[in-house]
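Novice: The numbering used here puts the last residue of the sequence shown at 568; the count rises by one with no breaks.
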Amino acid sequence: MLLAGQQISIGLIKQMSAKRAGGFNTMGTIISINITGFVGSDPQVRTVQTNNGDKQVASFSVAVNRTNGGGQKQTLWVRVNCWGNLAKVAEQYVKRGSLIQATTEWLRPSAWVDQSGSPQASIDIDANRLILLDRTDKDQDNGDSEQTSEEEQIPF
Numbered sequence: 413m414l415l416a417g418q419q420i421s422i423g424l425i426k427q428m429s430a431k432r433a434g435g436f437n438t439m440g441t442i443i444s445i446n447i448t449g450f451v452g453s454d455p456q457v458r459t460v461q462t463n464n465g466d467k468q469v470a471s472f473s474v475a476v477n478r479t480n481g482g483g484q485k486q487t488l489w490v491r492v493n494c495w496g497n498l499a500k501v502a503e504q505y506v507k508r509g510s511l512i513q514a515t516t517e518w519l520r521p522s523a524w525v526d527q528s529g530s531p532q533a534s535i536d537i538d539a540n541r542l543i544l545l546d547r548t549d550k551d552q553d554n555g556d557s558e559q560t561s562e563e564e565q566i567p568f
């Protein structure tokens, strides 16, 4: 059982193409992974060199909690990396304790043995979408609650 607001959902969507004149399009698959949880640390922003030039990346951890069949709470920590413009958004708005949802198309699990000989594991993702699910402390503290019309809330 998952706690409210915290989940990992994996959806696999098969895309099939209709026959076109001259042949078929190839059939592919897409994996879409949503990580929803609380941010455990403020983003660490750095610049890295890539084949396409220097890019900014913001990295932070997200705690995803669940209760197993025996009633024990378990926490899975996921390392989220945001690149380019999404890194700027993460740097400005993501803070420790924020409830976020990050979407990716791939997980990068890794396992190793630490210096004390204990096995360790981690999951990293490169987010291609980031949603802030709660208000920042600053917004809550200053009492500003501007009324917006329904038309202003719709982005299109």
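Glycine residues also receive a C-beta, built at the ideal position from the N, C-alpha and C atoms. Predicted model only: the values in this text are computed from it and were never measured.
Is there contact between the segment 490–503 and the segment 458–473, where contact requires at least three CB pairs shorter than 8 angstroms?
Specialist: Taking 8 angstroms as the limit for Cβ pairs, the verdict is that the segment 458–473 does touch the segment 490–503.
Novice: Who are the Cβ neighbours of Arg508 in its own chain at under 6 angstroms, not counting the five residues just before and after it?
Specialist: Here residue 508 refers to the residue found at position 96 when the sequence shown is read from its first residue. Cβ neighbours of Arg508 beyond the five flanking positions: Val451, Ser453 and Asp454.
Novice: Select from Pro521, Ile535 and Ala502 the residue whose C-alpha is nearest the C-alpha of Gln456.
Specialist: For the purposes of this step, residue 456 is identified with residue 44 of the sequence shown, where counting begins at 1. Closest by alpha carbon: Ala502.
Novice: Using the three-state DSSP reduction, which class does Val501 fall into: helix, strand or coil?
Specialist: Within the sequence shown, numbered from 1, the residue matching residue 501 stands at position 89. Helix.
Novice: Less than 8 angstroms between the CB atoms is what I'm expecting for Ile537 and Leu519, so what's the real figure, rounded?
Specialist: Locating residue 537 in the sequence shown gives position 125, counting from the first residue. Locating residue 519 in the sequence shown gives position 107, counting from the first residue. Going by Cβ atoms, the distance from Ile537 to Leu519 rounds to 6 angstroms, so yes, they are a contact pair.
Novice: Return the residue from the list Ala514, Asp546 and Val490 that minimises the CA-CA distance to Pro521.
Specialist: In the sequence shown, the residue the question calls residue 521 occupies position 109. Considering only alpha carbons, the answer is Val490.
Novice: Within its chain, find whatever has a CB closer than 6 angstroms to the CB of Gln532; leave out the 5 residues flanking it on each side and keep chain order.
Specialist: Residue numbering aside, residue 532 sits at position 120 when the sequence shown is read from its first letter. In the same chain as Gln532, and ignoring 5 residues on each side of it, the C-beta atoms closer than 6 angstroms to its own belong to Trp524 and Asp526, in chain order.
Novice: What separation, rounded to the nearest whole angstrom, lies between the Cα atoms of Ala475 and Thr487?
Specialist: Against the sequence shown, residue 475 aligns to sequence position 63. Against the sequence shown, residue 487 aligns to sequence position 75. Ala475 and Thr487: Cα-Cα distance of roughly 6 angstroms.
Novice: Indicate whether Tyr505 and Leu545 have their beta-carbon atoms separated by less than 7 angstroms.
Specialist: What you label residue 505 is simply residue 93 of the sequence shown in a count that begins at 1. What you label residue 545 is simply residue 133 of the sequence shown in a count that begins at 1. Their beta carbons are not under 7 angstroms apart, which means Tyr505 does not touch Leu545 by this criterion.
Novice: Measure the CB-CB distance between Gln513 and Thr462 and report whether it falls below 7 angstroms.
Specialist: Counting from one through the sequence shown, the residue named residue 513 turns up at place 101. Counting from one through the sequence shown, the residue named residue 462 turns up at place 50. No, they are not a contact pair.
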